[in-house]
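First up is the structure itself, then whatever we jot down about it.
Residue numbers (this note's numbering): 16 to 640.
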């Protein structure tokens, strides 16, 4: 009933957040990955359950399975495996996780394994008609492998990556194993120390889960609007992959074939990346399209090094170019994070959207997108989908209101005041939406408790009217700006510390709820004055203090290619101001209604402040003459 109340907000429907269940008949195949990176393809029949799967894994790989659970996205599998789709990846994870990475990834060997895993050298996981281009790539690569053309490692970057080639010896795909990501057990560049499933470079992006995010970005790029290269999740078997067994690991002749789950992305021939040349000649349409995608998926790592540039004309100058966005492993975090949008200060981002772009945005349906991702990537977590929904709703409403790409990006980005990070305007809106939800829940709880039955119900209705009718007035007067002083950090830092604690043992600790540390707007008002929106006084295209702060917090200088980061340039963990995963279905629907109601006043304030800034800039310029 609650879901039905939210239908019709957009062209599509809100179909809820329950995962679609498919009763499978006959045999299915799954790919089970241990927390140290080993992968085994297993045939399932109707009699199989989690225990029998773990037993098969133990016999084949000689790995311990006691006190370990089979994980399928958010779900811990037990007796019923009917929801597991064919060719899905599963993760065997310890119930009591720790930070040790001393257990080596044992290469599958022996007749027992050969009898169980009959998959080819490259298998597309959860295959559908979205990956027709990848299927052609796989055929080319397998042909090349049969004639001795092996992949080659990519030298740059923090994680393991490999160029797979065609029969002509040309690079045609880049493969990134999930267990060779930064901090993962088999990282070939020394960045180890965590098991799969633990917090990674970004706290809300777990180790081993960047691969499916790469695929999600491709799937969400409808009609190749932003030019994301074809990407799929695959199981790959080859001896080139790295295994941190500590013995002769660098002797190529002693390497054994090992199977890994990885993202496979089409290799795009290009002339340079966006950090190699000035950005002023980049097409406005290309910048807008990439920016629209980045906003939808809350990309936390859009720097110049992961924008490939290819010349269209043949002359020696820059001329016309195409842009190709890559490296989307740090998108769709589990909580709202601070994004990093390289394009936010490019002049193209301050140009209004075209009619075609507005039409594309208007047809976006985050609920349909979520259902599609559940089907195509059943391992994706519900928290990621909620982030997708919030950000897409924000984009749609902002574009309808008339905000440009730069203004939308600014509202999503955090600022530093002193040495402390403050919530973005988007996060403040989310916090207020949560406060309204908690007030509503408290009112309903009191009604259920039977306090002052009849009279309280009347008061409750009157109060509810006040909450909804006065919200816009409150927003207009306070502008949802940052409070002065550091008081905001007290409850948030407490939330941040607790998140750090519960991620180490997720299966045995209940994660902290945001409402446990909620800081309501009405609690600040008597003691903490609010600032005008004019504090966001950044002119587009200028290299301001705020942009420099953004570069520092992102862990690398803008324009630095992702292939050249040093150990000192890692992305630090950031504060989680807003969590979305701890709400029930009914609460989530009400939260979205609150969120959407708060957007118009916030956009009005943003627009009025932008006009005021331009007027002051013009006045200041005229006074100089």
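Where a beta carbon is used, it is the ideal one built from N, C-alpha and C, also for glycine.
Task: Residue(s) in a DSSP beta bridge with residue 186 - done: Within the chain shown, numbered from 1, the residue matching residue 186 stands at position 171. Residue 186 is bridged to 180.
- [ ] Output the distance between the C-alpha atoms of residue 190 and residue 169, rounded to the nearest integer angstrom.
- [x] Position 175 of the chain shown, counted from the first residue, corresponds to residue 190. Position 154 of the chain shown, counted from the first residue, corresponds to residue 169. Cα to Cα, residue 190 sits roughly 10 Å from residue 169.
Open item on the list: Could you pull the DSSP bridge partners for residue 277 from this structure?
Closed with: Position 262 of the chain shown holds residue 277. Paired residue(s): 192 and 249.
Task: Distance between residue 345 and residue 90 (C-alpha atoms, nearest Å) - done: Here residue 90 refers to the residue found at position 75 when the chain shown is read from its first residue. Here residue 345 refers to the residue found at position 330 when the chain shown is read from its first residue. Each residue's alpha carbon lies about 22 Å from the other.
Task: Cβ neighbour criterion (16 or more within 10 Å) applied to residue 439 - done: Translated into positions along the chain shown, residue 439 becomes position 424. Result: buried.
Task: residue 437, buried or exposed, once every other Cβ within 10 Å from all chains shown has been counted against 16 - done: As a working mapping, residue 437 is identified with position 422 in the chain shown. With 16 or more other Cβ atoms within 10 Å, it is buried.
Open item on the list: Can you tell me whether residue 255 is helix, strand or coil according to DSSP?
Closed with: Taking the chain shown and counting its residues from 1, the one referred to as residue 255 is at position 240. Correct three-state label for residue 255: coil.
Open item on the list: In whole angstroms, give me the CA-to-CA distance for residue 108 and residue 85.
Closed with: Indexing the chain shown from 1 puts residue 108 at position 93. Indexing the chain shown from 1 puts residue 85 at position 70. Straight-line Cα distance between these residues: approximately 6 Å.
TODO: Check residue 328 in the structure and name its three-state DSSP category.
DONE: The residue labelled residue 328 in the question sits at position 313 within the chain shown. Note: residue 328 maps to coil in three-state DSSP.
Task: Cut-off 8 Å between Cβ atoms - residues of its own chain near residue 410, not counting five sequence neighbours on either side - done: Numbered from 1 along the chain shown, position 395 holds the residue referred to as residue 410. Result list for residue 410: 307, 310, 311, 376, 379 and 423, in chain order.
TODO: Could you tell me whether the region 448-458 touches the region 608-628, where touching means 3 or more Cβ pairs closer than 8 Å?
DONE: yes
Open item on the list: Which of the three DSSP states is assigned to residue 619 in this structure?
Closed with: Your numbering for residue 619 matches position 604 in the chain shown. Three-state result, residue 619: helix.
Open item on the list: My output table needs one value for residue 462: the three-state DSSP class, helix, strand or coil.
Closed with: In the chain shown, counting from the first residue as 1, residue 462 sits at position 447. Residue 462 sits in a helix when the DSSP states are folded into three classes.
Task: Inter-residue spacing [alpha-carbon to alpha-carbon] between residue 399 and residue 320 - done: On the chain shown, position 384 is the one that residue 399 refers to. On the chain shown, position 305 is the one that residue 320 refers to. Those two C-alpha atoms are separated by around 25 Å.
Task: Any non-hydrogen atom of the ligand MN closer than 7 Å to residue 136 Cβ - done: Looking for the ligand MN in the displayed structure turns up nothing, as the structure carries no ligands at all.
Task: At least 3 beta-carbon pairs within less than 8 Å: the region 350-361 vs the region 591-600 - done: The region 350-361 is in contact with the region 591-600.
TODO: Flag this pair as yes or no: are the beta carbons of residue 139 and residue 157 separated by less than 8 Å?
DONE: Within the chain shown, numbered from 1, the residue matching residue 139 stands at position 124. Within the chain shown, numbered from 1, the residue matching residue 157 stands at position 142. Here residue 139 is not near residue 157, since their CB atoms are 8 Å or more apart.
Open item on the list: Classify residue 219: buried if its beta carbon has 16 or more other beta carbons within 10 angstroms, exposed otherwise.
Closed with: On the chain shown, position 204 is the one that residue 219 refers to. Per the 10 Å Cβ criterion, buried.
Open item on the list: Just to confirm the assignment, what range does the beta strand (DSSP E) spanning residue 73 have?
Closed with: Position 58 of the chain shown, counted from the start, is the residue given in the question as residue 73. Where residue 73 is concerned, there is no enclosing beta strand (DSSP E), although the alpha helix (DSSP H) it sits in stretches over 65-76.
Open item on the list: Given a cut-off of 8 Å on the beta-carbon distance, is the pair residue 203 and residue 196 in contact?
Closed with: Locating residue 203 in the chain shown gives position 188, where the first residue counts as 1. Locating residue 196 in the chain shown gives position 181, where the first residue counts as 1. Contact annotation: residue 203 and residue 196 have beta-carbon atoms that are not nearer than 8 Å.
- [ ] Would you kindly check if the distance between the Cβ of residue 250 and the Cβ of residue 46 is under 8 Å?
- [x] Residue mapping note: residue 46 aligns to position 31 of the chain shown, counting from 1. Residue mapping note: residue 250 aligns to position 235 of the chain shown, counting from 1. Cβ atoms of residue 46 and residue 250: closer than 8 Å.
Task: Nearest neighbour of residue 12, chosen from 336, 412, 303 and 314 [CA to CA] - done: Outside the displayed range of the chain (16 to 640) lies residue 12, so it cannot be described from this structure.
- [ ] Can you tell me which of 73, 87, 260 and 334 puts its alpha carbon nearest to the alpha carbon of residue 396?
- [x] The residue you call residue 396 lines up with position 381 of the chain shown. Selection 73, 87, 260 and 334 evaluated against residue 396 yields 87 as nearest (Cα-Cα).
Task: C-alpha gap between residue 292 and residue 334, whole angstroms - done: Mapped onto the chain shown, residue 292 falls at position 277. Mapped onto the chain shown, residue 334 falls at position 319. Rounded to the nearest angstrom, the two C-alpha atoms are 12 Å apart.
Task: Expected contact under 8 Å - CB spacing of residue 338 and residue 297 to nearest Å - done: Residue mapping note: residue 338 aligns to position 323 of the chain shown, counting from 1. Residue mapping note: residue 297 aligns to position 282 of the chain shown, counting from 1. 6 Å between Cβ atoms; contact.
- [ ] For my contact list, residue 426 and residue 441 are in at a C-beta cut-off of 8 Å; report their separation, rounded to the angstrom.
- [x] Start at 1 with the first residue of the chain shown, and residue 426 comes out as number 411. Start at 1 with the first residue of the chain shown, and residue 441 comes out as number 426. Between residue 426 and residue 441, the beta carbon gap of about 6 Å places them in contact (Cβ cut-off 8 Å).
- [ ] Measure from the alpha carbon of residue 603 to the alpha carbon of each residue in 455, 313 and 290, then state which is nearest.
- [x] Counted from its first residue, the chain shown places residue 603 at position 588. Comparing alpha carbon positions, the residue from 455, 313 and 290 closest to residue 603 is 455.
Task: For residue 431, the three-state DSSP class (helix, strand or coil) - done: One-based indexing of the chain shown puts residue 431 at position 416. Strand.
Task: Residue interval of the alpha helix (DSSP H) (run including residue 226) - done: Numbered from its first residue, the chain shown carries residue 226 at position 211. That run of the alpha helix (DSSP H) goes 225-235.
Open item on the list: Let me make sure I understand the geometry here. Which of 326, 417, 429 and 386 has the alpha-carbon closest to that of residue 369?
Closed with: Sequence index remark: in the chain shown, residue 369 carries index 354 (1-based). Ranking 326, 417, 429 and 386 by Cα distance to residue 369 puts 417 first.
TODO: Specify, as a first and last residue, the run of the alpha helix (DSSP H) that residue 416 falls within.
DONE: Translated into the one-based positions of the chain shown, residue 416 becomes position 401. Residue 416 -> alpha helix (DSSP H) spans 397-416.
TODO: Would you mind sorting residue 69 into buried or exposed? The rule is 16 or more other CB atoms within 10 Å of its CB.
DONE: Working through the chain shown from its first residue, we reach residue 69 at position 54. Buried, since its Cβ has 16 or more Cβ neighbours within 10 Å.
Open item on the list: Between the alpha carbons of residue 421 and residue 172, how many angstroms are there, rounded?
Closed with: Here residue 421 refers to the residue found at position 406 of the chain shown. Here residue 172 refers to the residue found at position 157 of the chain shown. Taking the straight line joining both Cα atoms gives about 29 Å.
Task: Short Cβ contact (8 Å threshold) for residue 248 with residue 141 - done: Translated into positions along the chain shown, residue 248 becomes position 233. Translated into positions along the chain shown, residue 141 becomes position 126. Against a cut-off of 8 Å, the Cβ pair of residue 141 and residue 248 comes out as a contact.
Task: Contacts around residue 278, its chain only, beta-carbon distance under 8 Å, and the 5 residues preceding and following it disregarded - done: Residue numbering aside, residue 278 sits at position 263 when the chain shown is read from its first letter. 190, 191, 193, 225, 226, 227, 229, 230, 246, 247, 248, 249 and 344, listed in sequence order.
Task: For residue 493, the three-state DSSP class (helix, strand or coil) - done: Here residue 493 refers to the residue found at position 478 of the chain shown. Because residue 493 sits at a pLDDT of 38, beneath the cut-off of 50, its placement in the model cannot be relied upon, and the point is left open.
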